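Notes follow the structure.
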Amino acid sequence: MVPVKKEDLRKMVTQKTLDTYEDLTPQLIQLIDQTKHDDSLSEAQKQDEISLHMMGYIKSCTNEIIIEVLAEILGIQED
Numbered sequence: 001m002v003p004v005k006k007e008d009l010r011k012m013v014t015q016k017t018l019d020t021y022e023d024l025t026p027q028l029i030q031l032i033d034q035t036k037h038d039d040s041l042s043e044a045q046k047q048d049e050i051s052l053h054m055m056g057y058i059k060s061c062t063n064e065i066i067i068e069v070l071a072e073i074l075g076i077q078e079d
């Protein structure tokens, strides 16, 4: 679907955002859980690692949202 109105584009981006965050959340939870149970790290190091995981998660989600929305608009197919 190629949106012709800003509102249509907003809805498309919102839906892709929800789908992407839902799809990638289990990976983030697994990383955070592994970090919390890593006895080789201090509490401060664990918090730093979790912050890095969160930043990576947001970056990955943002990239995926952009790719998915543009692919849909431009009609680009999956390999």
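Those letters in the sequence shown? Residues 1 to 79, per full-length UniProt numbering, in order.
We put the beta carbon where it would ideally sit given N, CA and C, even for glycine.
Owing to the predicted nature of the structure, the values given are computational and were not obtained by experimental measurement.
Status (buried if at least 16 other CB within 10 Å, exposed otherwise) for residue i
i, result
"Pro67", "Reading off the sequence shown, one finds Ile at residue 67, where the question assumed Pro. Ile67 comes out exposed."
"Ile65", "buried"
"Lys36", "exposed"
"Lys16", "buried"
Whole-angstrom C-beta distance between residue j and residue i, which should lie under 8 Å
i, j, result
"Val2", "Ile73", "5 Å"
"Lys46", "Asp38", "7 Å"
Contact check, residue i vs residue j, beta carbons under 9 Å
i, j, result
"Leu28", "His53", "yes"
Proximity test, Cβ basis, 9 Å: residue i and chain D
i, result
"Ala71", "This model lacks chain D altogether, as it is built from one protein chain only."
For the segment 19-33 against the segment 43-58, do three or more pairs of beta-carbon atoms, one drawn from each stretch, fall closer than 8 Å, so that the two count as touching? Yes: at least three Cβ pairs fall under 8 Å.
May I have a chain-ordered list of the alpha helix (DSSP H) segments no shorter than 4 residues that lie completely inside the segment 37-73? Runs of the alpha helix (DSSP H) inside the segment 37-73: none found.
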